[in-house]
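**Student:** From first to last, the protein sequence lines are chains A and B.
Residue numbers for the first sequence follow the UniProt record's numbering, beginning at 1 and rising by one.
Residue numbers for the second sequence follow the UniProt record's numbering, beginning at 1 and rising by one.
Below is one structure. I have some questions about it.
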Amino acid sequence: MTAVTVPDTPTPTPERRRTRRPVRGIGLNVIAVVLGLGIWTLLSRSGIQGLSGPVEVAVRGAELIADGTLPADILASLRRVFTGFALGTALAVPVGFLMGWYGTARGLIEPYVQFFRTIPPLAIIPLAILLMGIGETPKVFVIFLAAFLSSVVATFQGVMDVDKTLINAARVLGASDRVIFLKVVVPASTPFIIVGMRIGLGAAWGTLVAAELIAAQEGLGYRMQQAQLYYDLPTIFVGLISIGVLGLAMDRLLLLAERRLTGWQERR
Amino acid sequence: MNSKKISFQGVSKSFALKDTEFAALSDVSLDIADREFVTVVGPSGCGKSTLMGMAAGLVEPGTGQILIDGRPVAGPGPDRGVIFQQYALFPWLTVRKNVEFGLKLSPISPEERRERAQRAIELVGLTDFADALPKTLSGGMKQRCAIARAYAVNPEVLLMDEPFGALDALTRVQLQDQLLRTWSQERRTVMFITHDVDEAVYLANRVVVMAARPGRIYKVIDVDLPYPRTEEIRLSPEFGRIRNEVWHSVYHQAPAAPVA
Ligand SMILES: Nc1ncnc2c1ncn2[C@@H]1O[C@H](COP(=O)(O)OP(=O)(O)OP(=O)(O)O)[C@@H](O)[C@H]1O
Ligand SMILES: [Mg+2]
């Protein structure tokens with residue numbers, strides 16, 4: 001016997017994708033984390049030289065939170081990453097637009113961008129110390145540079161790749177250059193800018209530890225440096241995990257912004 | 001001069017290739033009268049889009065000039081509506097916002113803007129999808145939205161580059177009839193590019209047949225059939241005769257250019 005159910009007429013709401021994914025996705029994610037912790041425990045038990053297990057690390061994490069070291073380190077690191085990242089992308093967006101929109105600006109700026117992009121931020125540190133001393137400035141500067149360089153390229157690519165027919169469509173409707181820029185180029189390149197910001201954020205975190213090698217008094221990178229001197233593996237793990245969690249959280253925030261701002265895109 | 005809406009005068013255009021110049025258009029002269037419906041057919045690459053781009057003000061002519069109402073074209077403007085082959089909808093705007101895009105640039109009140117957008121949306125039958133994003137529309141609906149966007153600013157000239165090329169036969173016929181209806185009500189001047197010989201004859205007062213290498217006008221064929229065009233006209237012997245003539249000019253072009 002066959003029961004035929006007539007499906008409701010489909011309503012044009014694109015909500016379908018959102019409801020299914022989390023249930024299965026999160027389930028798998030949890031399994032992955034548990035599995036990872038298990039393997040980690042096994043590895044530390046089976047006696048890899050000095051490798052500390054999850055429990056040990058958790059205990060150290062609790063200690064570091066209790067005596068205020070971890071919150072202070074996180075705050076210091078976050079402040080640096082955030083300042084460098086914010087300054088970097090805030091500058092990258094207008095510069096990227098300038099490069100994408102004006103051939104002259106591109107010709108003048110692009111060689112520098114491409115050149116500095118090939119230099120690892122780590123290699124800038126000695127120069128930054130000599131020129132800027134050992135305060136906050138060189139650390140923020142190096143993070144700033146990393147974030148700026150990676151997001152400026154994405155922004156400028158985005159502006160370059162704006163569909164020419166969209167610009168023509170606006171022009172034949174009577175749009176001036178200013179209107180075309182604000183109403184066509186900016187929205188059309190928003191997806192690229194956000195991708196650029198995510199890359200920039202990755203670069204900023206990636207540069208943090210290196211930046212905190214510069215005679216820092218606190219910060220996650222500094223703490224890990226210290227821990228290295230005293231062969232204190234649990235603290236190193238606490239630092240690593242903190243960086244990972246913070247980076248992931250910030251990336252998710254950007255992803256959320258991306259979903260909201262660029263939901264109009266046709267996804268293939 | 002007064003009845004010439006669009007006038008191409010000795011227009012040539014070549015594009016620089018690696019080592020040679022490619023003659024996309026060579027000495028094209030064509031007058032399109034006010035309120036005339038002209039279709040343009042010709043082999044791929046014969047310069048149809050380039051010619052229309054010049055009338056739109058998006059492509060500079062190499063030599064010669066293009067006059068609109070007797071004045072040389074100086075860039076694009078809202079007096080000439082353009083409908084592109086690739087729809088060219090702003091994907092981040094809803095149907096309504098797309099249609100309002102051009103209206104926002106003209107000095108009219110918000111109430112009038114909304115009203116005119118609404119009218120254009122109703123005209124193309126997209127009322128139920130006014131607040132949908134382009135990614136949720138079918139190809140035919142996208143094209144109708146593009147048409148509404150062009151109609152909304154009420155241009156005197158409509159330049160349409162293979163607008164129905166990607167549509168299925170049924171949608172295509174519906175949009176053709178709709179286009180003819182609005183054209184006979186509002187009497188704009190239309191220049192309409194197509195690959196489809198039937199479509200070219202069905203819509204036009206005159207069919208311009210172009211030839212390639214170099215791009216040029218091969219023949220201009222008058223369509224002496226009354227409007228409104230109907231199913232009967234489509235099936236009439238006279239329609240068949242004109243269609244054969246256009247077909248023959250497009251597909252059996254003499255290789256050498258008939259020197260103008
Ligand atoms: N910007 C450009 N640079 C170089 N060559 C071009 C450019 N635009 C057009 N052409 C060339 O000019 C010729 C005419 O192009 P056009 O797009 O006007 O042809 P078309 O008749 O519209 O063809 P189709 O029917 O395929 O759309 C083509 O051979 C094309 O390669
Ligand atoms: Mg073309």
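All C-beta atoms in this analysis are idealised placements derived from N, C-alpha and C, irrespective of residue type, glycine included.
Computed from a predicted model, the values in this text were never measured in an experiment.
1. Please list the partners that B/P78 has in chain A, where partner means a Cβ-to-Cβ separation under 8 Å.
2. For B/R229, collect the residues of the same chain with a Cβ closer than 7 Å to its Cβ; drop the 5 residues on either side in sequence, then sort them by chain order.
3. Less than 8 Å between the beta carbons of A/S242 and A/G200, yes or no?
4. If we cut at 8 Å on Cβ distances, does B/V99 have a partner in chain A?
5. To the nearest angstrom, how far is it from the Cα of B/S14 to the Cα of A/L130?
6. With distance defined between alpha-carbon atoms, name the residue in B/S236, B/P214, B/G240 and B/E231 nearest to B/G42.
7. Does the distance from the CB of A/A76 to the CB of B/F84 come in under 8 Å?
8. Counting C-beta neighbours from all protein chains within 10 Å, is the total for B/Y151 16 or more, i.e. buried, or is it exposed?
9. Please classify A/L37 as buried or exposed, where buried requires at least 16 other C-beta atoms within 10 Å of its C-beta.
10. Using DSSP bridges, identify the partner residues of B/M191.
11. Is the beta carbon of B/A24 within less than 7 Å of some heavy atom of ligand 1?
12. Buried or exposed, going by whether 16 or more other CB atoms sit within 10 Å of the CB of A/P111?
13. What residue from B/L58, B/G62 and B/F8 has the CA that sits closest to B/A23's CA?
14. Is the segment 122-136 of chain A close to the segment 186-196 of chain A, with three or more CB pairs under 8 Å?
15. Over what stretch of residues does the beta strand (DSSP E) that includes B/E21 continue unbroken?
16. If we count the other Cβ atoms within 10 Å of its Cβ and call it buried at 16 or more, is B/R241 buried or exposed?
17. Under 8 Å by Cβ, that's how I've got A/I109 and A/V93 pegged, so tell me the actual separation to the nearest angstrom.
18. Note down, in chain order, each residue of its chain lying with its Cβ closer than 6 Å to the Cβ of A/M224, except the 5 sequence neighbours on either side.
19. Quick check: what's the CA-CA separation for B/Q86 versus A/A257?
20. Less than 7 Å between the CB of B/Q176 and some heavy atom of ligand 2, yes or no?
21. Can the beta-carbon of A/G53 be found less than 8 Å from the beta-carbon of A/W40?
22. Please confirm whether B/A88 and B/A132 have their CB atoms less than 8 Å apart.
23. Evaluate A/R267 with the Cβ neighbour count: other Cβ atoms within 10 Å of its Cβ, from every protein chain shown; 16 or more gives buried, anything less gives exposed.
24. Which same chain residues end up closer than 8 Å to B/V157 when comparing Cβ atoms and leaving out the 5 residues on each side of it in sequence?
25. Return the chain-ordered list of same chain residues with a C-beta closer than 7 Å to the C-beta of A/L166, the five sequence neighbours on each side being excluded.
26. So who's on the other strand from B/M210, going by DSSP bridges?
**Tutor:** Reading from the atomic positions:
1. V172, L173 and G174
2. Excluding sequence positions up to five before and after B/R229, its CB lies within less than 7 Å of the CB of L180 and Y202, all in the same chain and listed in chain order.
3. no
4. no
5. C-alpha of B/S14 to C-alpha of A/L130: approximately 58 Å in a straight line.
6. B/P214
7. Result no, Cβ atoms of A/A76 and B/F84 do not sit closer than 8 Å.
8. B/Y151 comes out buried.
9. exposed
10. DSSP lists B/V38 and B/L159 as the beta-bridge partner residues of B/M191.
11. yes
12. exposed
13. Nearest C-alpha to B/A23: B/G62.
14. Not touching, per the Cβ criterion.
15. Looking at the DSSP string, the run of the beta strand (DSSP E) that includes B/E21 is E21 to A33.
16. exposed
17. Their Cβ separation, rounded to whole angstroms, is 14 Å, which puts A/I109 and A/V93 out of contact at 8 Å.
18. In chain order, I236 and G239 place their CB closer than 6 Å to the CB of A/M224, counting only its own chain and leaving out the 5 sequence neighbours on each side.
19. Near 29 Å, if we compare the C-alpha coordinates of A/A257 and B/Q86.
20. no
21. yes
22. no
23. exposed
24. K5, I6, A55, I68, D79, R80, G81, R188, T189, V190 and M191
25. Correct list, in chain order: V184 and A188.
26. B/I217
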